[in-house]
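Q:
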Amino acid sequence: AGRAVGQGVRGGGGGGAAWISRTKCRHGSSVRMRMHEASELARVNVDSGAETGWKADSPSNGSDQMHHRQGKHEGKRYEDDAEAKNSPTRITILKWELKGPRWLQFLLLVLGVFSLGVIHDFVQELVFRYEGFDYGWFMTLWELLIFVVAAWLQLWHEGRYNEIRSIDWKQYLSLTVVLAITQGFGSISLSYVNFPVKVVMKSSKLIPTMALGILILKRTYTPMEYISAFMLCTGVASFTLVDSKVSPKFDPIGILLLSGAVAGDAITVNLQERILRQLQCSKEQMMLASNLMAAVWVLMLICVTGEMFKAINLIQNKFEIGGLLLLQALAQYLSVSFYLGLIQGFGGVVAICVTSCRKVITIVLSFVAFSKPFSFDYIPSGLLVLCGIMLSVIVKQPKYELNHAWFLIACGAVCTLLVVRPALAHV
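What the sequence shown shows, in my numbering, is residues 172 to 598, in sequence order.
1) Which residues in the same chain have their Cβ closer than 8 Å to the Cβ of V590, if we skip the five residues on either side of it in sequence?
2) Figure out for me which residue from I523, A522 and T411 has the closest Cα to the Cα of F545.
3) Return the Cβ separation of G477 and I352 in integer angstroms, given the expectation that the two are a contact with Cβ distance under 8 Å.
4) Counting contacts by CB-CB distance shorter than 7 Å, is W267 in contact with chain B?
5) Which term fits M471, buried or exposed, when burial requires 16 or more other beta carbons within 10 angstroms of its beta carbon?
6) Quick one: what's got a C-beta closer than 7 Å to L450's C-beta in the same chain, skipping five residues either side?
7) What does the alpha-carbon distance come out to for the pair I565 and V525?
8) Please classify T263: does DSSP put it in a helix, a strand, or coil?
9) What does a CB cutoff of less than 8 Å around Y332 pick up in its chain, not counting 5 residues either side in sequence?
10) Counting C-beta neighbours from all protein chains within 10 Å, is the total for Q487 16 or more, i.e. buried, or is it exposed?
11) Just the Cα atoms here: how many angstroms apart are V469 and F541?
12) Under the DSSP definition of a beta bridge, which residues are partnered with L269?
13) Kindly provide the ranges of any alpha helix (DSSP H) runs that are 4 or more residues long and lie completely inside the segment 424 to 502, ordered along the chain.
14) With 16 as the cutoff for other CB atoms within 10 Å, does E572 come out buried or exposed?
15) With DSSP collapsed to three states, give me the class of I580.
16) For C586, which residues of its own chain have a beta-carbon under 6 Å away from its beta-carbon, when the five flanking residues on both sides are left out?
17) So, for H575: in the same chain, excluding its five sequence neighbours on each side, which residues have a beta-carbon less than 7 Å away from its beta-carbon?
18) If V370 and I534 are in contact, beta carbons under 8 Å, what's the gap, nearest whole angstrom?
19) DSSP on Q568, reduced to helix/strand/coil?
20) For A465 and L346, I'd like the C-alpha separation in whole angstroms.
21) Let's test the definition: count the other Cβ atoms within 10 Å of the Cβ of C452 and tell me whether it reaches 16, buried, or not, exposed.
22) Taking the straight line between their C-alpha atoms, what separation do you get for E448 and A437?
23) Under a Cβ-count criterion, where at least 16 other Cβ atoms within 10 Å of its own Cβ denotes burial, should H597 be classed as buried or exposed?
24) Do you know how far the Cα of W308 is from the Cα of M479?
25) Could you name the residues of the same chain whose beta carbon sits closer than 7 Å to that of F509, not counting the 5 residues immediately before and after it, in chain order?
26) Assign W274 to buried or exposed, taking buried as 16 or more other Cβ atoms, counted over all protein chains shown, within 10 Å of its Cβ.
27) What residue does the alpha helix (DSSP H) around D414 start on, and which one ends it?
28) Among residues of its own chain, excluding the 5 on either side of M402, which ones have a beta-carbon nearer than 7 Å to its beta-carbon?
29) Starting from S358, trace the alpha helix (DSSP H) both ways and give me its first and last residue.
30) With 16 other CB atoms within 10 Å as the buried threshold, where does L350 fall?
31) Hey, is S360 close to the ligand GTP, as in C-beta under 6 Å from one of its heavy atoms?
32) Can at least three beta-carbon pairs, one atom from the segment 288 to 303 and one from the segment 496 to 511, be found at a separation below 8 Å?
33) Measure from the alpha carbon of S375 to the alpha carbon of each residue in L344, Q295, L297 and G431, then state which is nearest.
34) Decide if the segment 295 to 315 is in contact with the segment 511 to 519; the criterion is three or more beta carbon pairs, one per stretch, under 8 Å apart.
35) Hey, could you find the ends of the alpha helix (DSSP H) G307 is sitting in?
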């Protein structure tokens, strides 16, 4: 589960519990919808009371008195809802509670997501810049083991030893195989493509999710969701095409690996949800079991291929690589913790918006910190992907502003014209 959360955060920043994001996003949306409905009811009652002629200090009959009291009661509910919305929420990060006003909680969480996510992405790209380092599976092993240790420590600290002993390992077999392949493909792809390409492609999990929903689950989607998927497809394709033209580090194998990683993310979420329903286990137990078994598969693979011993020899000669691998794995885990805190306190929509902005900064930093060819055609392609992500988030809300959706569609249309402009010029 932790790995799937990391995938939500990371986009180049890290794999894991997307099921947590979805579950809490739904919960937060339903709570906000109920608060909104209560507030609207209060407004209706108060406004209707004002229009029925409450001109005297005391109502003239019993019915007016009843409506007057009801209006005051609903108005009080509206004030209580507004006060609750602005009051601090209990938010915990690794068992430490963030205290203070709501704006301070939000600021600390955003700073945590931004700083730790950027550190993870920066260090991950830096490691692959070292001469001789081409060991994506070894990097994946470090990341998986960090989540295993973190989950075990939490269960041990809380005295939940029975959850460790009662793990039904057979139930996790399919999940761990997909999880290992997904994380490995994402790390290995950096040997074939630039880091910004990985960030952009890992942001397009909506596409395989919708495809699996249509083909396997026979789900139906709204026109707005199809538009957001089209924007994502166009943006990812154009960004990749631009990179293939200007970057010397581009290999179609990297695109295939990233496509497999993105599809694996969508499958992982469904497998995790099934396990949670069937086994009724905690997220810490699933995090421990799934990441430990995935780490075993990766360890067996790199021992057979010899990558394990080559990577250890390289670290012995360049000891700082080991420290950087540990740093990027720890930064990923902490970033996931702040991301979950953001969902807990402010909802999934805000969390996804923050991580989307963080990915933009990651891409900009990648071009600034590491020398690589740049083309202005990257900009409309990246903005088109960003608009597609935001549109997909907005239309999933129970009540959303249609104007906001149309604004994103208009921005996406402008970006699409800029993307296809070179092709139209040759027609």
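For glycine and all other residues, C-beta sits at the position ideal for the given N, C-alpha and C. Please read these numbers as outputs of a predicted model, since none were measured by experiment.
A: Taking the definition as stated:
1) T405, G406, S409, D548, P551, S552 and L555
2) T411
3) With 8 Å as the limit, G477 and I352 do not qualify as a contact, their Cβ atoms being about 19 Å apart.
4) Looking for chain B here will not work: only one protein chain is present.
5) exposed
6) D339 and Q342
7) 14 Å
8) strand
9) L326
10) exposed
11) 29 Å
12) I262
13) 454 to 476 and 478 to 488
14) exposed
15) helix
16) P551, L554 and L555
17) I565
18) 6 Å
19) coil
20) 8 Å
21) buried
22) The residue you asked about is not Glu; residue 448 is Arg in the sequence shown. Cα-Cα distance, rounded: 17 Å.
23) Residue confidence for H597 is low, a pLDDT of 46 falling below 50, so the modelled location carries little weight and cannot support an answer.
24) 9 Å
25) I264, L280, G283, V284 and L287
26) exposed
27) P394 to V417
28) L555, C558, G559, L562 and G583
29) L344 to I359
30) buried
31) Although the ligand GTP was asked about, the structure shown includes no ligands whatsoever.
32) yes
33) G431
34) no
35) G307 to H328
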